[in-house]
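Worksheet for the structure shown next.
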């Protein structure tokens with residue numbers, strides 16, 4: 001248990017270190033810095049995602065494979081007034097979870113309400129026209145206090 005707790009803390013710390021500068025990079029004039037930071041967040045989620053996923057499952061009492069549901073942590077890409085990166089946990093059948101590479105967050109307005117749609121997609125690269133992955137839902141959010 002001590003080993004799992006330490007790895008979970010290291011995973012969150014690694015993601016924190018790379019994500020802490022995300023709002024700064026989104027405002028930077030140099031587009032290369034935004035690309036490098038985005039790649040860093042994606043790498044951190046790839047490297048530490050399994051540990052963060054295990055931590056979230058313990059936190060919520062989820063067990064992978066129970067009732068045919070599996071989970072994993074993937075990057076979330078939010079676009080609108082700036083671009084933001086982070087991570088979310090997704091859940092669904094194994095085949096669809098394996099196809100899910102990221103979650104796209106879209107924002108809109110409905111009357112006086114702000115609406116956010118979280119869409120699991122099969123591709124990290126928005127220029128390659130990601131496709132929606134059906135039967136997958138977002139079950140958790142990883143964010144960083146700045």
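Numbering (the working numbering), first residue to last: 1 to 146.
In this text, a Cβ means the ideal position worked out from N, Cα and C, and glycines have one as well.
In the three-state scheme derived from DSSP, where H, G and I count as helix and E and B as strand, residue 116 is classed as strand.
Taking the Cα of residue 93 as reference, the smallest distance to any Cα among 114, 106, 101 and 67 is reached at 67.
Following the DSSP letters along the chain, one finds residue 109 inside the beta strand (DSSP E) bounded by residues 102-110. Taking C-beta atoms as the reference points, residue 71 and residue 90 count as a pair closer than 8 Å. According to the DSSP assignment, residue 139 belongs to the beta strand (DSSP E) that extends over 137-142. Residue 78 carries a strand assignment under DSSP once its states are collapsed to helix, strand and coil. A direct Cα-Cα distance of roughly 6 Å separates residue 106 from residue 116.
When beta bridges are read from the DSSP output, residue 51 appears opposite no residue. Within a 10 Å sphere around the beta-carbon of residue 140 sit 16 or more other beta-carbons, which makes this residue buried.
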